[in-house]
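Visitor: Structure provided below as structure tokens; questions to follow.
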Amino acid sequence: MSGQPTIRLATPEGKYFLFQRRMPPELADYEKALHEVEATHESLLATLSFPDTPPKRGSVYTALISPPATPENPTPKPVGMALFFYNYSTWRAAPGIYLEDLYVQPSARGNGYGFKLLKYLAAKVLEIKGRRLEWSVLKWNEPSIKFYEQVGAKAMDEWTKMMMEGPALNKLAEGL
């Protein structure tokens with residue numbers, strides 16, 4: 001592969017956002033959860049943050065990676081994404097980044113794009129004097145787990161991820 005892939009933060013304008021709108025269903029299909037996708041063009045625009053705009057609802061950003069430009073394809077379309085937000089560790093007294101989604105299209109896997117997206121986020125963590133980059137991975141997703149271990153990540157087996165949504169969330173908000 002000649003040249004270097006390009007990583008840029010997604011913007012709401014232009015063809016790159018079209019790629020981003022396609023990503024949630026592709027990722028959900030890979031994770032065997034396509035039936036859970038509720039994201040629409042409008043909901044993504046309303047909830048994602050973009051460079052040079054005021055942060056929205058937790059400042060969720062998307063880094064897109066495109067293959068190297070070639071004379072035949074001077075403006076290649078993105079083939080992968082990392083959706084992330086900034087978090088904070090009270091134990092470390094330091095900021096960090098939580099990687100919500102990492103996805104590379106099947107046809108582009110094996111070219112180092114996932115690694116380059118993780119490297120980009122690691123550099124962002126250090127840029128803010130942060131201490132960690134963290135994410136969740138489905139227990140059955142052995143290829144991803146092996147990839148993450150190869151880049152130095154470790155499982156946090158002592159933690160259980162918790163979530164609340166729908167009626168349970170409403171009930172708690174109302175005071176049970």
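Residues in the sequence shown are numbered consecutively from 1, following the UniProt record's numbering.
No residue lacks a Cβ here, since even glycine has one placed at the ideal position from N, Cα and C.
Computed from a predicted structure; not experimentally measured.
If you drop the 5 nearest sequence neighbours on each side, which residues of the same chain put their C-beta closer than 7 Å to that of N170?
Guide: The answer is none, since no qualifying residue turns up.
Visitor: With respect to the alpha helix (DSSP H) encompassing S59, which residues constitute its N-terminal and C-terminal limits?
Guide: Here S59 belongs to no alpha helix (DSSP H), and DSSP marks it neither H nor E.
Visitor: Does the count of Cβ pairs from the stretch 97 to 108 and the stretch 71 to 86 closer than 8 Å reach three?
Guide: Counting Cβ pairs under 8 Å, three or more are found: they touch.
Visitor: Quick check: the stretch 142 to 160 against the stretch 92 to 99, are at least 3 beta-carbon pairs closer than 8 Å?
Guide: Cβ pair count under 8 Å is below three, so no.
Visitor: Buried or exposed for L121, going by 16 or more other Cβ atoms inside 10 Å?
Guide: So L121 counts as buried.
Visitor: Exposed or buried, which one is P5 when buried takes at least 16 other CB atoms within 10 Å?
Guide: So P5 counts as buried.
Visitor: So, at 6 Å on beta carbons, what are the nonlocal neighbours of I7 in its own chain, with the 5 sequence-adjacent residues on each side left out?
Guide: Cβ neighbours of I7 beyond the five flanking positions: A63, I65, Y120.
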